[in-house]
Amino acid sequence: MIAIVDDFVAPVCDELVVILYQDDDILLINKPSGLLSLSGKNPLNWDSVHHRLVQGQAGASPAFPQAKLPHRLDFGTSGIMVVGLNAASAQHLNQQFQSRRIQKRYLALLEGWVSDDQGQFTAPIAKDKNHFPRVKICHSTGKAAVSEFRVLERLEQPRRSLVQFTPLTGRTHQLRIHSLEMGHPILGCDLYKSGHSEQMAERLLLHASDLYFEHPGTGEAFHGGCACPF
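Mapping of the sequence shown onto our numbering: position 15 corresponds to residue 151, and the numbering continues sequentially without gaps.
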């Protein structure tokens with residue numbers, strides 16, 4: 137039995153959680169890179185999106201004591217998140233995420249030139265118990281994972297690809313490990329990398345740009361967008 141010890145302590149994040157949209161039922165927010173979605177088990181990792189929403193951000197945003205996060209973004213990922221402001225809306229959003237009725241889009245900067253202009257990458261993902269918190273591609277025990285991609289731009293010096301991802305499943309670290317398996321790791325990623333892809337950026341260059349969902353209060357189709365910082 138391998139003992140898993142998570143001794144990660146998040147550095148201080150000075151960027152604010154920015155509120156993009158607000159009504160009685162939901163918030164749309166822009167999560168900065170380098171901030172946990174939920175406070176960690178380690179007491180030093182108290183700062184998080186959820187903590188800031190519930191407590192309020194001094195001089196920037198009020199407290200939302202009933203705020204719930206129906207989904208999360210990885211620590212290094214920036215971008216749009218939808219927040220439920222009451223129990224009913226949070227439950228409604230949770231059900232939409234679980235039934236995969238919410239469409240998510242991401243932008244990422246990848247190492248090298250992706251040869252195909254668009255396509256679908258399919259590789260099952262399992263926990264990597266020997267290398268927590270990593271996951272691994274495993275065709276015997278992994279859960280199905282599908283990522284659609286479209287190359288938006290190929291950049292020179294060094295060669296990089298700006299890619300739009302639409303994950304059709306929501307596995308942990310899905311886009312990061314799928315990018316690595318494609319041979320084009322996301323720049324700045326500390327877990328899934330080539331010899332120098334991590335050093336090519338100061339942060340993980342993965343950004344949640346769009347959410348398409350049913351508004352839990354009105355039942356109408358709703359789209360939220362968040363401009364990409366890189």
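Every residue gets a Cβ at the ideal spot worked out from N, C-alpha and C, and that includes glycine.
Asked	Found
Local conformation of M217 per DSSP, three classes	strand
Exposed unless 16 or more other CB atoms sit within 10 angstroms - verdict on I184	The displayed chain sequence assigns Ser, not Ile, to residue 184. By the 10 Å Cβ count, S184 comes out buried.
Nearest-angstrom beta carbon gap, I216 and S345 [assumed within contact, 8 Å]	7 Å
Neighbourhood of L174 by C-beta, 6 Å cutoff - its chain only, sequence neighbours within 5 removed	S184, H186
Ordered list of alpha helix (DSSP H) runs contained in the region 155 to 241, each at least 4 residues	185 to 191, 223 to 234
Where the alpha helix (DSSP H) containing Q310 begins and where it ends	310 to 317
Per DSSP, cross-strand counterpart(s) of K302	Sequence inspection shows Thr at residue 302; the Lys mentioned does not correspond to that position. Paired residues: E284.
Any non-hydrogen atom of the ligand HEM closer than 6 Å to V153 Cβ	Looking for the ligand HEM in the displayed structure turns up nothing, as the structure carries no ligands at all.
Strand pairing of V271, partner residues [DSSP]	K263
Proximal residues to A139 (C-beta, below 6 Å), its chain only, five neighbours per side dropped	Bear in mind that the predicted position of A139 carries a pLDDT of just 47, short of 50, making it too unreliable to give a figure here.
DSSP beta-bridge partners of R290	S297
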